[in-house]
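First up is the structure itself, then whatever we jot down about it.
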Amino acid sequence: MSVSTLQTSLVDRAAVEPSRPARPRSTRKGIRYAITVLAFLLPSAVPLLLFVLIPMVSAAWISLTDWNLISPQVFVGFDNFVQLLSEPRTAAVFGNTLYYILGYLPIVYLGGLALALALNQALKGRALWRSIYFLPVVTSWIAVAVVWRWLLNPSNGVVNIALGWFGIDGPGWWTDPAWSMPSVILASAWKDLGFVMVILLAGLQAINADLYDAAKVDGAGPWARFINVTLPMLSPSTFFVIVISLINGFQVFDQVYAMTGGGPAGSSQVVVQQIYDLTFRYGQAGEASALSWMLFAVILAVTVVQIIGQKRWVHYG
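Everything in the sequence shown is counted per the working numbering, starting at -12 for the first residue and increasing by one.
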């Protein structure tokens, strides 16, 4: 075949076959935009993948095995979950965790709200007081636990000495099974008051002052303005505080481990400490992973219920 004949054949084929449409400019822009977004997300996405998602998937697999961190893993299916559900200790640690949350949440919220309302006023040295109340939030839990163990020492602690001045015989606090969890609750609430205060203070400062002026014109007193204006307009901040506090409450560990070690007699042992003990004290990594996934399911369910229920009481003004 000659060159001229080949060229003629190619021209005829090009005339018969439809040409491939060029990629639209919008598609190219979309690809460039996706690449740009991915580049900015990588610094956060890579640690999220390495330290959250991959460990979660690994824990899901380990929960289906019998493993002591040394010997080869043996697949056991859902036996670890069945074993945990049949053990009274599992219900006990979940009960202690719930006890902690029910005691901690009202104290930390009401205390943070009181501080936020006070520091929202035109007080002298207001910025200094905000810093002082926020300081415990950034303090190490080990340091806080050491201080509170000393404050609540049954024999020579400052709290019991102060109670003695009023003729009150102080309890055993963290050495007494009946008072070990209240000791942890007090220390936790004291440490987290500053965080709740900052969130609620930001919510208070975002409330439109015209709403208070309108309420005054209608004859509403201070209490009526607080109930009908402050609390409804503060509901988004309240919702955030409750969600975060509940999630953190279910994962409580540092303060329990540092103050009581779960004792005495397991009276303050919580779910995360049980996960720690199963893994590193008893070599039952499979049960520990199963318990961690049970805790994840509880936290997820509670959070979903809150998100659904927020439509009834959260007002985004």
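All C-beta atoms in this analysis are idealised placements derived from N, C-alpha and C, irrespective of residue type, glycine included.
Requested in this report: Taking 8 Å as the cut-off, decide whether the C-beta atoms of glycine 181 and proline 223 are in contact.
Outcome: no
**Report entry** Buried versus exposed, by CB contacts within 10 Å (16 or more), phenylalanine 267
**Finding:** exposed
Query raised in the report: Exposed or buried, tyrosine 96, counting other C-beta atoms within 10 Å across all chains shown (16 or more means buried)?
Result: buried
Query - isoleucine 305 vs alanine 275 beta-carbon contact at 8 Å - result: It is not possible to answer for residue 305, since the shown part of the chain is limited to -12 through 304.
Query raised in the report: So, helix, strand or coil for threonine 126, using DSSP?
Result: coil
Query - Bridge-paired residues (DSSP) for threonine 305 - result: Past the boundaries of the shown model lies residue 305; the chain is included only from -12 to 304, so the question cannot be answered.
Query raised in the report: valine -10 by DSSP, collapsed to three states: which one?
Result: Below a pLDDT of 50, predicted positions are generally treated as unreliable, and valine -10, at 49, falls in that range; the measurement from the model is reported next regardless. Three-state result, valine -10: helix.
Query raised in the report: Between which two residues does the alpha helix (DSSP H) carrying tyrosine 263 extend?
Result: 258 to 267
Report task. Identify, in the order they occur along the chain, each residue of the same chain with its Cβ nearer than 8 Å to the Cβ of leucine 106, setting aside the five sequence neighbours on each side. Result -> Arg113, Trp116, Arg117, Tyr120, Met184, Leu188
Requested in this report: Under 8 Å by Cβ, that's how I've got serine 255 and serine 175 pegged, so tell me the actual separation to the nearest angstrom.
Outcome: That pair is no contact at about 12 Å.
Query raised in the report: Since leucine 221 is in the alpha helix (DSSP H), which residue starts that stretch and which ends it?
Result: Segment: none, leucine 221 is in no alpha helix (DSSP H) and carries neither H nor E.
**Report entry** Cβ separation of tyrosine 91 and glycine 236, assumed to be a contact under 8 Å, to the nearest whole Å
**Finding:** 6 Å
**Report entry** Nearest residue (CA-CA) to valine 131, options Leu72, Val171, Ile231, Ile94
**Finding:** Val171
Query - Cβ contact (3+ pairs, closer than 8 Å) linking the stretch 242 to 250 and the stretch 204 to 215 - result: no
Query raised in the report: Exposed or buried, what is valine 99 when buried is set at 16 or more other beta-carbons lying within 10 Å of its beta-carbon?
Result: Before going further, note that residue 99 is glycine rather than valine in the sequence given. Under this definition glycine 99 is a buried residue.
**Report entry** Under the three-state DSSP convention, the category leucine 110 falls into
**Finding:** coil
Report task. Decide yes or no for the touch test of the stretch 196 to 204 against the stretch 158 to 166: beta carbon pairs closer than 8 Å, at least 3 of them. Result -> no
Requested in this report: Please determine, among Ile88, Asp156, Leu104, the residue with the shortest C-alpha to C-alpha distance to leucine 233.
Outcome: Ile88
Requested in this report: Look at the alpha carbon of alanine 1 and the alpha carbon of lysine 16, and state the distance between them as a whole number of angstroms.
Outcome: In this predicted model, alanine 1 has a pLDDT of only 48, less than 50, meaning its place in the structure is not dependable enough to derive any value.
Query raised in the report: Hey, how far is the Cα of isoleucine 286 from the Cα of phenylalanine 65?
Result: 20 Å
Report task. Determine the closest residue to tryptophan 48 out of Ala109, Met281, Gly273, with distance taken between C-alpha atoms. Result -> Gly273
**Report entry** CB contact flag (valine 310, valine 259, <8 Å)
**Finding:** There is no way to answer for residue 310, as the model of the chain reaches only from -12 to 304.
Query raised in the report: Taking all protein chains shown into account, do 16 or more other C-beta atoms lie within 10 angstroms of the C-beta of lysine 298, making it buried, or fewer, making it exposed?
Result: exposed
Report task. Could you pull the start and end residues of the alpha helix (DSSP H) that isoleucine 194 belongs to? Result -> From DSSP, isoleucine 194 is part of no alpha helix (DSSP H); its letter is neither H nor E.
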